[in-house]
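S.K.:
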Amino acid sequence: MSIYGLYHPPRHNYLESDLLDYLINISDDVLDKYPDTVIVCGGDLNSLDIKHLEELSGWDAMVDFSTRGNACLDNCLTNRIDLFSKCYPFHMLTKTDHMGVILPAGTKLIPMRRKVEFRDCRKHRKEDFHKALAEEDWEDVSQSTNVNDAVNCLERKIMYHMNKCMPTKTVSISSRDPYWTSPLIKSLLKSKSRIARSQKDRLSLINKRISDVICQNRRNFRALVGSRTWWRKTTDISQRNASSSRVTLDNASLTRLNRYFGELCHDDSYVEPTLSIIGDEVDIPSFTEQQVWNALKRIKRTATGPVYIPYWVWNDHAEILTEVITNVWNLSLSSHTWPDSWKRANINPLAKVDLPKEDGDFRGINITPVIARTFEKLVYNIRSSRQLRKFYPQRNLRTGRGGVVQTFC
113 MSIYGLYHPP
123 RHNYLESDLL
133 DYLINISDDV
143 LDKYPDTVIV
153 CGGDLNSLDI
163 KHLEELSGWD
173 AMVDFSTRGN
183 ACLDNCLTNR
193 IDLFSKCYPF
203 HMLTKTDHMG
213 VILPAGTKLI
223 PMRRKVEFRD
233 CRKHRKEDFH
243 KALAEEDWED
253 VSQSTNVNDA
263 VNCLERKIMY
273 HMNKCMPTKT
283 VSISSRDPYW
293 TSPLIKSLLK
303 SKSRIARSQK
313 DRLSLINKRI
323 SDVICQNRRN
333 FRALVGSRTW
343 WRKTTDISQR
353 NASSSRVTLD
363 NASLTRLNRY
373 FGELCHDDSY
383 VEPTLSIIGD
393 EVDIPSFTEQ
403 QVWNALKRIK
413 RTATGPVYIP
423 YWVWNDHAEI
433 LTEVITNVWN
443 LSLSSHTWPD
453 SWKRANINPL
463 AKVDLPKEDG
473 DFRGINITPV
483 IARTFEKLVY
493 NIRSSRQLRK
503 FYPQRNLRTG
513 RGGVVQTFC
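For the numbering used here, add 112 to where a residue sits in the sequence shown, where the first one is 1.
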């Protein structure tokens, strides 16, 4: 859709024919490139010859009522009048003596409904989860000598308490729902419908919960106004910056892409190398609990990955999980083994061209578990970066060039 805003003042120093020619030229250029474009031109046109503009462009004027006094000074024209209903006036809230014009769509869109699965992460449920983790016995994880068994046991315990204290629920979300409607509100409304009217105490309690969640959602929504996050939301909804990275694929295409990325990462001629013998004289690195605690507290909001343990589990419960994570990470370093659970990754396809047609037009973005990425970052920041500075001290590098470029060039 191409929307033109036009103001034709009562007194002007240009020829009206030049203005009409300009409108026709820009609309023709758009239609030559995109023949199915819907053009909407509206504004304060004053004494512009609307009939002549309709004859030249083939557009249809849709305003047939007065917009200022008894005069029709504002109008709206389009090349697809079949897509719109009859327009109607309304009083403007701004300081003006002109009437506003509403141009409604001709066909009411069918609401888009989708099933959403979420966790009830309200404060009281998080408190129950924190209490369950604090009372859990982590001895079997800390005393394990196999890193895969330790990681699997750790994830199994955390997921058990998450499912028990914060169970997943499935609700239906519609495109016509108000902005403050969240999956949690939908779930509470569904629970309310099962309560008998005679149970006034339960109804009063759940009504208060629903009201509190709605008020919180409204406050959070208003708090975003004027901020960068709010404008980012507006841009995403309007798709003003829509790029090739935003693609919608059906299940068959996703299955084909999944197979493609799997074959791309697999080498039939790969031969597993012989494991090196590491003697007792080799200093095996290890992390302290303070280093692990700092790493967990630095975890920011990020993608979850295939393990489905969100970032806040590690961040909010660092004082409980620090000792356990320290033992698991040090066991991985001492056994020189990367846990199998952390080798899995969710692959998000990112289009490399504007109109992807083949599997090779996509680039795979791998998202590994949060705790695995944190482990990698800590190893690099504490161990790898030190070794790099040891062999390539900063004083030996030339100024004016990047350190990484001089190191590997």
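Glycine is no exception: its CB is placed at the ideal position from the N, C-alpha and C atoms. Nothing here was measured: the structure is a model prediction, and the numbers come from that model.
If residue 393 and residue 434 are in contact, beta carbons under 8 Å, what's the gap, nearest whole angstrom?
M.R.: By one-based count along the sequence shown, residue 393 stands at place 281. By one-based count along the sequence shown, residue 434 stands at place 322. That pair is no contact at about 30 Å.
S.K.: I need the boundaries of the beta strand (DSSP E) containing residue 492, first residue and last residue.
M.R.: The residue labelled residue 492 in the question sits at position 380 within the sequence shown. Counting along the chain, residue 492 falls outside any beta strand (DSSP E), and DSSP gives it neither H nor E.
S.K.: Could you check whether the stretch 247 to 262 touches the stretch 299 to 318, counting it as contact only if at least three pairs of C-beta atoms, one from each stretch, sit closer than 8 Å?
M.R.: Touching, no.
S.K.: Report yes or no: do the stretch 223 to 230 and the stretch 283 to 295 share at least 3 C-beta pairs separated by less than 8 Å?
M.R.: As far as the Cβ criterion goes, the stretch 223 to 230 touches the stretch 283 to 295, which means the pair count is three or higher.
S.K.: Grouping DSSP H, G and I as helix and E and B as strand, with all else coil, what is residue 199?
M.R.: In the sequence shown, residue 199 corresponds to position 87, counting from 1. Coil at residue 199, not helix or strand.
S.K.: Go ahead and pull the three-state DSSP assignment for residue 295.
M.R.: In the sequence shown, counting from the first residue as 1, residue 295 sits at position 183. Helix at residue 295.
S.K.: Specify the secondary structure class of residue 446 as computed by DSSP and reduced to three states.
M.R.: As a working note, residue 446 is residue 334 in the sequence shown. In this structure, residue 446 counts as helix in the three-state DSSP scheme.
S.K.: Can you tell me the Cα-Cα spacing of residue 380 and residue 473, whole angstroms?
M.R.: Position 268 of the sequence shown, counted from the first residue, corresponds to residue 380. Position 361 of the sequence shown, counted from the first residue, corresponds to residue 473. C-alpha separation (whole angstroms): 23 Å.
S.K.: Check whether the Cβ atoms of residue 248 and residue 269 lie closer than 8 Å to each other.
M.R.: Here residue 248 refers to the residue found at position 136 of the sequence shown. Here residue 269 refers to the residue found at position 157 of the sequence shown. In this structure, residue 269 lies closer than 8 Å to residue 248 by Cβ.
S.K.: Give me the Cα-Cα distance between residue 288 and residue 468, rounded to the nearest whole angstrom.
M.R.: Position 176 of the sequence shown, counting from 1, holds the residue named residue 288. Position 356 of the sequence shown, counting from 1, holds the residue named residue 468. Their Cα atoms are separated by approximately 31 Å.
S.K.: What runs of the alpha helix (DSSP H), each 4 residues or longer, lie entirely inside the stretch 162 to 190?
M.R.: Within the stretch 162 to 190, the complete alpha helix (DSSP H) runs of at least 4 residues are 162 to 169.
S.K.: Taking 7 Å as the limit between beta carbons, can you name the residues of its chain near residue 357, skipping five residues before and five after?
M.R.: For this step, residue 357 is matched to residue 245 along the sequence shown. Low confidence applies to residue 357: its pLDDT is 47, below 50, so where it sits in the model is not reliable enough to give any reading.
S.K.: Going by alpha carbons, who is nearest to residue 561 out of 476, 152, 233?
M.R.: The requested residue 561 is not part of the displayed model; the chain covers only 113 to 521.
S.K.: Per DSSP, which one or two residues make a beta bridge with residue 156?
M.R.: What you label residue 156 is simply residue 44 of the sequence shown in a count that begins at 1. DSSP output for residue 156 lists 119, 186 as bridge partner(s).
S.K.: Quick one: what's residue 474 bridged to in DSSP?
M.R.: Here residue 474 refers to the residue found at position 362 when the sequence shown is read from its first residue. Answer is 463.
S.K.: Could you check if residue 407 is buried or exposed, using at least 16 other CB atoms within 10 Å of its CB as the buried criterion?
M.R.: What you label residue 407 is simply residue 295 of the sequence shown in a count that begins at 1. With 16 or more other Cβ atoms within 10 Å, it is buried.
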